[in-house]
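Protein chains: 2
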Amino acid sequence: MYNVTHRGDTMSTIKDVAKLAHVSVATVSRVINQKGYVNIETRQLVLDAIEKLNYVPNELARSLFQKKSRIIAVMLPHLTAYYFAELLEYIETYTIDQNYRLMVCNSQDDPEKESKYLRIFDQYNIDGIILISNTHRIDDYKKLGIPIVEIDHKLGEDIPSIQSNNYQGGKLAANKLVSIGCRKIIHLRGPSDLVIVRERSNGFNSVLKENNIINFSYDLDFRAPSPTDIANVVKSNPDCDGIFCDSDYIAILAIQALKSSGRRIPEDVSVIGFDDIEIASVLTPKLTTISQPRKLISEYAVNALIKLINKEKLDPFHRNVDVKLIERDTTK
Amino acid sequence: MYNVTHRGDTMSTIKDVAKLAHVSVATVSRVINQKGYVNIETRQLVLDAIEKLNYVPNELARSLFQKKSRIIAVMLPHLTAYYFAELLEYIETYTIDQNYRLMVCNSQDDPEKESKYLRIFDQYNIDGIILISNTHRIDDYKKLGIPIVEIDHKLGEDIPSIQSNNYQGGKLAANKLVSIGCRKIIHLRGPSDLVIVRERSNGFNSVLKENNIINFSYDLDFRAPSPTDIANVVKSNPDCDGIFCDSDYIAILAIQALKSSGRRIPEDVSVIGFDDIEIASVLTPKLTTISQPRKLISEYAVNALIKLINKEKLDPFHRNVDVKLIERDTTK
DNA sequence: TTTATTTATGTAAATAGTTACATAAACACT
DNA sequence: AGTGTTTATGTAACTATTTACATAAATAAA
């Protein structure tokens, strides 16, 4: 009989409850989990004891035995971009609503950091992962044997995913620009090694090709698109009359560049963004953009993941959700 | 001897390592934790076994015994505001750097949800809390007996805190506006029941009073400041020549309103924001603003919390950090 | 009345680690 | 040689829970 100095000697355990209710810990456990037979009067005694001691079961001990932690991990490339921040906000909400907790894992697109987190998932018996990752280490994830739902990517057939219909997004933007008479069109896109970017490009270009319009694409970094690069593109294309940007942030930079080149929006040039971030509807001119259903994506991801955790079948294993063109003041 | 069907029967335990290395689990534990005596050759045997089995210690079992989880919780009012998103990004970085994990708790200013999380903290043996909360349930937090560091608030003397020097921020803004000749000044502030808002107000007003300038304040919601309210304020004060806003987002709305009222910035009206969000330096006109040292605040909060967890003394128990006026194009 | 089933509860093993204590060998110092 | 310290390792108790199994009473069926 020895003693280690611990904090929180105030916290009561299932033993304390058992003692106070004059029953065994097994009975208390049965009451808590509503499993097995418990006499209705005994049940009340236990509930009273729980109430009196302000007892909450220790989730760690439970997790250890059950090999489940009721913790979901969400891996994101970063947190400050509005798109990700809003996804996270929704994901947290749905997660806690379903009585799970959320561990944030900010990969910062750093494979090193992502690997570090992969080990942690095992160490904590993480129940499931919501994955938004640009590094393609899908095998490492599979090896974990933990349910995964991917957002924005579809790296394999056997891992369920949800993503915006980026091809459709590209088409919507191109159709709009073409329909309002744009003929010299630029696509300021994200890094073209990302599937989502290529899909947008494909959709966009398919429409332009149909209309015999040549498209110029410029790759930019999503996290820190270079304002000077954008300004240069704008300056060296003085006859450009339509720009499709892969993010609203890029669109805002493009608009700045156009303005300082003396070009009017939308009279001279129409601009379409992507994402529909909060500020887009508030700036002058208000930004026309392709809106992704972030709420729907988050909700689906969390629910699908919990289904997987509960070993339920997932009906559409991969989902492609419609995007929407929000017309505001940067298109004629 | 019975068996419950579990997932991950592939994962090896300390027993497997012990068996493979032909030692006891205690010796393996000593090697892992670098505690107590272990022969250098035995040590190598154990390390080889760990390597071979790809063993990672289960953090839950460890946590259960030690009553520590190496999990830090961060409670925020919401996640989509740039200021909070960036704090979270930094906090996550410093947390994982110090070998802790992060649980995000998005209170959404909902006391109900915050209470729900409070129970969870006990259930998971959360080691510490970084707290940004507008609901004043400090007693509930104290009862937990878990180390806490507060950001942006100082609800009690006995809970360490860090916050921007909001009083100084208010003064800096007022001094700037006064020095460039503004005489009819409006303060578009946050909800004045928040201490940070009152402190900014106090600093701001102290300077105005010195200069015999009357100040008009309008309270706005931080999360969803009403554009029409702002437009009304602007319209009903056609002689206003300076506006101090409690957030950059409010400033952007104010600028839109001023523009559509035909007022030029900064020629007719100077505008100063607060926060220095990413987009502020990129818009036209580029926003003059008060910048809070978010990186420093996050770093300090995490380090201070870990000191508390390790029962080290905290030297300045409360910290007030300097803010900075970033002059750009919305002030003369 | 005897047997089978349902209800109720307790005992103890199990989860995966850490560590106090026991034990013993190796080493140093009288 | 005898004693004390350092080094090395193992045994088993301990963390807070769940649950398989044992046991027994109550109830139902034969």
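Same order as they appear, the protein sequences are chains A and B.
Remember, this note's numbering sits 96 above the position in the first sequence when you count from 1.
Remember, this note's numbering sits 96 above the position in the second sequence when you count from 1.
Note that beta-carbon positions come from the ideal geometry of N, C-alpha and C, so glycine has one too.
- Item | Counterpart residues of A/Tyr314 in DSSP-defined beta bridges | Within the first sequence, residue 314 of chain A is the residue found at index 218, counting from 1. Per the DSSP secondary-structure output, A/Tyr314 pairs in a beta bridge with A/Leu284.
- From B/Arg166 to B/Tyr190, what does the alpha carbon distance come to, in whole angstroms? As a working mapping, residue 166 of chain B is identified with position 70 in the second sequence. As a working mapping, residue 190 of chain B is identified with position 94 in the second sequence. The straight-line gap from Cα to Cα measures roughly 13 angstroms.
- Task: Note down, in chain order, every chain B residue with its Cβ under 9 angstroms from the Cβ of A/Leu198.
- Result: For this step, residue 198 of chain A is matched to residue 102 along the first sequence. Under a criterion of Cβ atoms nearer than 9 angstroms, the residues of chain B adjacent to A/Leu198 are, in order, Met199, Val200, Cys201, Asn202.
- When the Cα atoms are used, what is the spatial distance from B/Cys341 to A/Phe340? Within the second sequence, the letter at position 245 stands for residue 341 of chain B. Within the first sequence, the letter at position 244 stands for residue 340 of chain A. Rounded to whole angstroms, the separation of the alpha carbons of A/Phe340 and B/Cys341 is 33 angstroms.
- Task: On the DSSP bridge assignment, give the partners of B/Phe300 in chain order.
- Result: For the purposes of this step, residue 300 of chain B is taken as residue 204 along the second sequence, with counting starting at 1. Bridge partners of B/Phe300: none, in fact.
- Message: So A/Met107 contacts chain B; which residues on that side make the cut at Cβ distance below 7 angstroms?
- Response: Counting from one through the first sequence, the residue named residue 107 of chain A turns up at place 11. Chain B residues near A/Met107: Asp218.
- Task: Please classify B/Asn202: is it buried, with 16 or more other beta-carbons within 10 angstroms of its beta-carbon, or exposed?
- Result: Taking the first residue of the second sequence as position 1, residue 202 of chain B is located at position 106. With a threshold of 16 other beta carbon atoms within 10 Å, B/Asn202 meets it and is buried.
- If contact means a Cβ-Cβ distance below 7 angstroms, which residues of the region 387-414 of chain A contact chain B? Hits within the stretch: zero.
- Item | Residue range of the beta strand (DSSP E) that includes B/Glu246 | Taking the first residue of the second sequence as position 1, residue 246 of chain B is located at position 150. Start and end: 244-247.
- Residue environment, A/Ile310, which counts as buried when at least 16 other CB atoms sit within 10 Å: Residue mapping note: residue 310 of chain A aligns to position 214 of the first sequence, counting from 1. Exposed is the call here.
- Item | Cβ neighbour criterion (16 or more within 10 Å) applied to B/Asn99 | Here residue 99 of chain B refers to the residue found at position 3 when the second sequence is read from its first residue. With a pLDDT of only 32 at B/Asn99, under 50, the local geometry of the prediction cannot be trusted, and no value is derived from it.
- Can you have a look at A/Ala269 and say buried or exposed, based on whether 16 or more other CB atoms are within 10 angstroms of its CB? Taking the first residue of the first sequence as position 1, residue 269 of chain A is located at position 173. Answer is buried; the Cβ neighbour count reaches 16.
- Have a look at B/Met199 and A/Leu273 and give me their C-alpha separation to the nearest angstrom. Position 103 of the second sequence, counted from the first residue, corresponds to residue 199 of chain B. Position 177 of the first sequence, counted from the first residue, corresponds to residue 273 of chain A. Spanning the two alpha carbons is a distance of roughly 44 angstroms.
- Using a threshold of 8 angstroms, state whether the C-beta atoms of A/Ile393 and A/Ile168 are closer than that. For the purposes of this step, residue 393 of chain A is taken as the residue at position 297 of the first sequence. For the purposes of this step, residue 168 of chain A is taken as the residue at position 72 of the first sequence. No, Cβ-Cβ distance for A/Ile393 and A/Ile168 is not below 8 angstroms.
- Are there 16 or more other CB atoms within 10 angstroms of the CB of B/Lys407, so buried, or fewer, so exposed? The count along the second sequence starts at 1 and reaches residue 407 of chain B at position 311. Burial call: exposed.
- Query: What is the DSSP secondary structure of A/Asp425, reduced to helix, strand or coil?
  - Reply: Counting from 1 along the first sequence, the entry for residue 425 of chain A is found at position 329. Collapsing the DSSP output to three states places A/Asp425 in coil.
- Query: Which residue's Cα is closest to the Cα of B/Gly266: B/Phe300, B/Tyr314, B/Ile405, B/Asp112?
  - Reply: Sequence index remark: in the second sequence, residue 266 of chain B carries index 170 (1-based). For B/Gly266, the closest C-alpha among the options B/Phe300, B/Tyr314, B/Ile405, B/Asp112 is that of B/Phe300.
- Item | Top-ranked residue by Cα proximity to A/Leu240, from A/Asn195, A/His174, A/Gly224, A/Val329 | To locate residue 240 of chain A, count along the first sequence from 1; it is residue 144. Nearest C-alpha to A/Leu240 among A/Asn195, A/His174, A/Gly224, A/Val329: A/Gly224.
- Query: Taking all protein chains shown into account, do 16 or more other C-beta atoms lie within 10 angstroms of the C-beta of B/Ala117, making it buried, or fewer, making it exposed?
  - Reply: Counted from its first residue, the second sequence places residue 117 of chain B at position 21. Under a 10 Å Cβ-count criterion, B/Ala117 is classified as buried, with 16 or more other Cβ atoms of the shown protein chains found around its own Cβ.
- Message: Quick check: is the beta carbon of A/Leu175 nearer than 8 angstroms to any beta carbon in chain B?
- Response: Taking the first residue of the first sequence as position 1, residue 175 of chain A is located at position 79. Cβ-Cβ to chain B under 8 angstroms: yes for A/Leu175.
- Query: Quick one: what's got a C-beta closer than 7 angstroms to B/Leu410's C-beta in the same chain, skipping five residues either side?
  - Reply: Position 314 of the second sequence, counted from the start, is the residue given in the question as residue 410 of chain B. Closer than 7 angstroms at the Cβ level, and outside the excluded window around B/Leu410, lie Pro256, Ala400, Lys403, Leu404.
- If I'm right that B/Gln96 touches B/Pro173 with Cβ under 8 angstroms, what's the distance once you round it to whole angstroms? Lying outside 97 to 428, the shown extent of chain B, residue 96 of chain B is not represented and no answer is given.
- Query: Which residues, in order along the region 216-245 of chain B, keep a beta-carbon less than 7 angstroms from a beta-carbon of chain A?
  - Reply: Taking 7 angstroms as the Cβ-Cβ cut-off against chain A, the residues of the region 216-245 of chain B that qualify are Ile216, Asp218, Gln219, Tyr220, Asn221, Gly241.
- Could you work out which residue in A/Gln130, A/Ile192, A/Thr426, A/Asn230 is closest to A/Gly338 when comparing CA atoms only? Against the first sequence, residue 338 of chain A aligns to sequence position 242. The residue from A/Gln130, A/Ile192, A/Thr426, A/Asn230 with its alpha-carbon nearest to that of A/Gly338 is A/Thr426.
- Query: Which residues in chain A sit within 8 angstroms of B/Leu156, going by Cβ to Cβ distance?
  - Reply: Position 60 of the second sequence holds residue 156 of chain B. Near B/Leu156 (Cβ distances below 8 angstroms), the residues of chain A are Leu156, Ser159, Leu160, Ser165, Gln219, Tyr220, Asn221.
- Give, in chain order, every residue of the region 301-325 of chain B whose Cβ lies closer than 9 angstroms to some Cβ of chain A. Taking 9 angstroms as the Cβ-Cβ cut-off against chain A, the residues of the region 301-325 of chain B that qualify are Pro323.
- Reference B/Ala327; option with closest CA among B/Val134, B/Ile146, B/Gly358: Within the second sequence, residue 327 of chain B is the residue found at index 231, counting from 1. Comparing Cα-Cα distances from B/Ala327 to each of B/Val134, B/Ile146, B/Gly358, the minimum goes to B/Gly358.
- Query: Whose Cβ in chain B lies nearer than 9 angstroms to the Cβ of A/Gln352?
  - Reply: Within the first sequence, numbered from 1, the residue matching residue 352 of chain A stands at position 256. Here the neighbours are Val378, Leu379, Thr380.
- Message: Using a Cβ distance threshold of 8 angstroms, determine whether the region 136-147 of chain A contacts the region 208-218 of chain B, with at least three qualifying pairs required.
- Response: Result no; under three Cβ-Cβ pairs closer than 8 angstroms.
- Message: When you compare the CB positions of A/Val417 and A/Ser387, do they come within less than 8 angstroms of one another, or not?
- Response: For the purposes of this step, residue 417 of chain A is identified with residue 321 of the first sequence, where counting begins at 1. For the purposes of this step, residue 387 of chain A is identified with residue 291 of the first sequence, where counting begins at 1. The beta carbons of A/Val417 and A/Ser387 sit no closer together than 8 angstroms.
- Message: Taking 8 angstroms as the threshold (beta carbon to beta carbon), is A/Glu374 in contact with chain B?
- Response: In the first sequence, residue 374 of chain A corresponds to position 278, counting from 1. Yes, A/Glu374 counts as interfacial toward chain B.
- Task: Check whether the Cβ of B/Ala145 lies closer than 8 angstroms to any Cβ atom in chain A.
- Result: For the purposes of this step, residue 145 of chain B is taken as the residue at position 49 of the second sequence. B/Ala145 is outside the set of residues whose beta carbon lies under 8 angstroms from a beta carbon in chain A.
- Query: Under three-state DSSP, which class holds A/Arg294?
  - Reply: Within the first sequence, residue 294 of chain A is the residue found at index 198, counting from 1. Reduced to three states, the DSSP call for A/Arg294 is helix.
- Query: So what does DSSP say about A/Asp429, is it helix, strand or coil?
  - Reply: Chain A is shown from 97 up to 428; residue 429 of chain A falls before or after that span and cannot be answered.
- Item | Neighbour flag for B/Lys111 against chain A, beta carbons, 8 angstroms | Along the second sequence, read from residue 1 onward, the residue named residue 111 of chain B stands at position 15. For B/Lys111, the answer is no, since every Cβ of chain A falls outside 8 angstroms of its Cβ.
- Message: What would DSSP say about B/Val274, mapped onto helix, strand or coil?
- Response: Locating residue 274 of chain B in the second sequence gives position 178, counting from the first residue. Correct three-state label for B/Val274: helix.
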